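In the numbering used here, the protein residues as written are 39 to 385.
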């Protein structure tokens, strides 16, 4: 039996908060002796988000979970909202689940998360499996707006990064968490760090330093509406890049580079270097493999290089995308650091 504390930060989410809470109501929940809790933390909304959430809390009372709507009393921003929720945690709530107001969970997502932690006591944190779609119905069901099946909107970048996470998960070393849906053991006593906009990476760092395994839970799928092409999508991408740029200056970043096994330390060094360096490391690796292959014959060199290209080429493309975004983020951060509070147009 596992009791969940589900945190939903809320800042002007009038367009999606009904969908979110009805989606949670439609989900399966793990067995628990006491009701699970959903904390909607209102971060100073000036629309009707809090009122709508309070109304739904009363309507959905008596289910496997209870909904509470609390104001952010720490400081403006998602980090403050998360801290507010953690301060309100109750005894017996074993897993903390953080999920954004605009995403919809697969029916078995919460149960899959709970079972992941039950199956392996070494696991301290888990991230969900992201799926981008063109639209979501307003009633919380996993259907498209207007009816019909969901239409996928995943890009090459999304598929490539999901593949990387699945490989990292085998070693308990998932690095890039999905803040839209992630969970961790409350016993880790994680707390968000003030001034770090990338709350998901911040919490990952703390779990890594605590030597906990961090995995991707494929059964915990969540669906997010892809921002339309143009300025809205560009701003979303740049905002995330700026958050990662800030993370590179995290006060505990040195601990991340020194924590865990040899593989964990090398992985952390790679990600941190990838965020700063512009050198084409992957091309160097491919070139070295090809050159070494000539010592045992041209045919072997070509075969080995072709095989490695299938593995390294997607990684190289992914890395180039990340670096181009980081260059823009670095320039913007140099002008004025991004704050902990931001708003995204919801669809």
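We treat Cβ as the ideally placed atom computed from N, Cα and C, and that holds for glycine. Keep in mind that this is a model prediction, so the values were computed, not measured.
Open item on the list: Between which residues of its own chain and residue 321 is the CB-CB distance below 6 Å, once the five residues before and five after are set aside?
Closed with: Walking along the chain shown from the start, residue 321 turns up at place 283. Any answer about residue 321 is weak, because its pLDDT of 47 lies below 50 and its placement is not dependable; what the coordinates show is given next. Excluding sequence neighbours, residue 321 sits near nothing in its chain.
Task: Close beta carbons around residue 178, own chain, < 6 Å, minus the five adjacent residues each side - done: Residue mapping note: residue 178 aligns to position 140 of the chain shown, counting from 1. Answer for residue 178: 57, 60, 61 and 64, listed in chain order.
- [ ] Identify whether residue 298 lies in helix, strand or coil by the three-state DSSP scheme.
- [x] Position 260 of the chain shown holds residue 298. Correct three-state label for residue 298: coil.
TODO: Scan the region 212 to 280 and note each continuous alpha helix (DSSP H) run of 4 residues or more that stays entirely inside, going in chain order.
DONE: Taking 4 residues as the shortest admissible run, the region 212 to 280 contains the following complete alpha helix (DSSP H) segments, listed from N- to C-terminal end: 237 to 247.
- [ ] Return the Cβ separation of residue 190 and residue 169 in integer angstroms, given the expectation that the two are a contact with Cβ distance under 8 Å.
- [x] Numbered from its first residue, the chain shown carries residue 190 at position 152. Numbered from its first residue, the chain shown carries residue 169 at position 131. Right, their Cβ atoms sit about 7 Å apart.
- [ ] For my contact list, residue 101 and residue 81 are in at a C-beta cut-off of 8 Å; report their separation, rounded to the angstrom.
- [x] As a first step, residue 101 is located in the chain shown; it is residue number 63 there, counting from the start. As a first step, residue 81 is located in the chain shown; it is residue number 43 there, counting from the start. In this structure residue 101 does not touch residue 81 by the C-beta definition: roughly 25 Å separates them, more than the 8 Å allowed.
- [ ] Indicate the three-state DSSP secondary structure (helix, strand or coil) for residue 181 in the structure shown.
- [x] Counted from its first residue, the chain shown places residue 181 at position 143. Coil at residue 181, not helix or strand.
Task: C-alpha distance - residue 146 paired with residue 220, whole-angstrom precision - done: As a working note, residue 146 is residue 108 in the chain shown. As a working note, residue 220 is residue 182 in the chain shown. C-alpha separation (whole angstroms): 15 Å.
- [ ] Return the chain-ordered list of same chain residues with a C-beta closer than 8 Å to the C-beta of residue 108, the five sequence neighbours on each side being excluded.
- [x] Counted from its first residue, the chain shown places residue 108 at position 70. Apart from the 5 residues on each side of it in sequence, residue 108 sits with its Cβ closer than 8 Å to the Cβ of 77, 78, 79, 80, 122, 123 and 126 in its chain, given in chain order.
Open item on the list: Less than 7 Å between C-beta atoms, sequence neighbours within five positions excluded: which residues of the same chain meet that for residue 90?
Closed with: Taking the first residue of the chain shown as 1, we reach residue 90 at position 52. The residues are 52, 55 and 56.
TODO: Quick one: residues in its chain with C-beta nearer than 6 Å to the C-beta of residue 285, no 5 flanking neighbours on either side, listed in chain order?
DONE: Counted from its first residue, the chain shown places residue 285 at position 247. Contacts found: 236 and 239.
TODO: Would you please state the rounded distance, in angstroms, between the beta carbons of residue 222 and residue 112? I believe it to be under 8 Å.
DONE: Residue 222 sits at position 184 when you count from the first residue of the chain shown. Residue 112 sits at position 74 when you count from the first residue of the chain shown. Separation of the CB atoms of residue 222 and residue 112 is rounded to 19 Å, and the pair is thereby denied contact status at 8 Å.
TODO: Assign residue 159 to buried or exposed, taking buried as 16 or more other Cβ atoms, counted over all protein chains shown, within 10 Å of its Cβ.
DONE: Within the chain shown, numbered from 1, the residue matching residue 159 stands at position 121. Its Cβ having fewer than 16 others within 10 Å, residue 159 is exposed.
TODO: Could you tell me whether the region 298 to 312 touches the region 252 to 260, using the rule of 3 or more Cβ pairs below 8 Å?
DONE: Output reads no: the region 252 to 260 does not touch the region 298 to 312.
Open item on the list: By the three-class DSSP mapping on this structure, what secondary structure does residue 80 have?
Closed with: Residue numbering aside, residue 80 sits at position 42 when the chain shown is read from its first letter. If DSSP states are grouped into helix, strand and coil, residue 80 belongs with the strands.
Open item on the list: I need the DSSP call for residue 88, collapsed to helix, strand or coil.
Closed with: What you label residue 88 is simply residue 50 of the chain shown in a count that begins at 1. In the structure shown, residue 88 sits in a helix (DSSP, three-state: H, G or I).
Open item on the list: So the candidates are 150, 144, 46 and 267; which of them puts its Cα closest to the Cα of residue 115?
Closed with: Taking the chain shown and counting its residues from 1, the one referred to as residue 115 is at position 77. Per the Cα distances, 46.
Open item on the list: Could you tell me the alpha carbon to alpha carbon distance between residue 148 and residue 162, rounded to whole angstroms?
Closed with: Position 110 of the chain shown, counting from 1, holds the residue named residue 148. Position 124 of the chain shown, counting from 1, holds the residue named residue 162. Rounded to whole angstroms, residue 148 to residue 162 spans 16 Å at the Cα level.
Open item on the list: So the candidates are 44, 176, 118 and 110; which of them puts its Cα closest to the Cα of residue 229?
Closed with: Along the chain shown, read from residue 1 onward, the residue named residue 229 stands at position 191. Comparing Cα positions, the closest option is 118.
Open item on the list: With H, G and I counted as helix, E and B as strand and the rest as coil, what does DSSP make of residue 147?
Closed with: Within the chain shown, the letter at position 109 stands for residue 147. Helix at residue 147.
Open item on the list: What would DSSP say about residue 53, mapped onto helix, strand or coil?
Closed with: Position 15 of the chain shown, counting from 1, holds the residue named residue 53. If DSSP states are grouped into helix, strand and coil, residue 53 belongs with coil.
- [ ] Mind checking who residue 132 pairs with in its DSSP beta bridge?
- [x] The sequence position of residue 132 within the chain shown is 94, counting from 1. Listed as beta-bridge partners of residue 132 by DSSP are no residues whatsoever.
TODO: Could you spell out the range, first to last residue, of the alpha helix (DSSP H) harbouring residue 286?
DONE: Start at 1 with the first residue of the chain shown, and residue 286 comes out as number 248. In the DSSP assignment, residue 286 falls outside any alpha helix (DSSP H) and carries neither an H nor an E.
- [ ] Return helix, strand or coil for residue 201, following the three-state DSSP convention.
- [x] Within the chain shown, the letter at position 163 stands for residue 201. Helix, per DSSP.
- [ ] For residue 39, count neighbouring Cβ atoms within 10 angstroms of its own Cβ and tell me buried if that reaches 16, exposed if not.
- [x] Here residue 39 corresponds to residue number 1 of the chain shown, with the count starting at 1. Counting the other CB atoms within 10 Å of its CB gives residue 39 a total below 16, which places it among the exposed residues.
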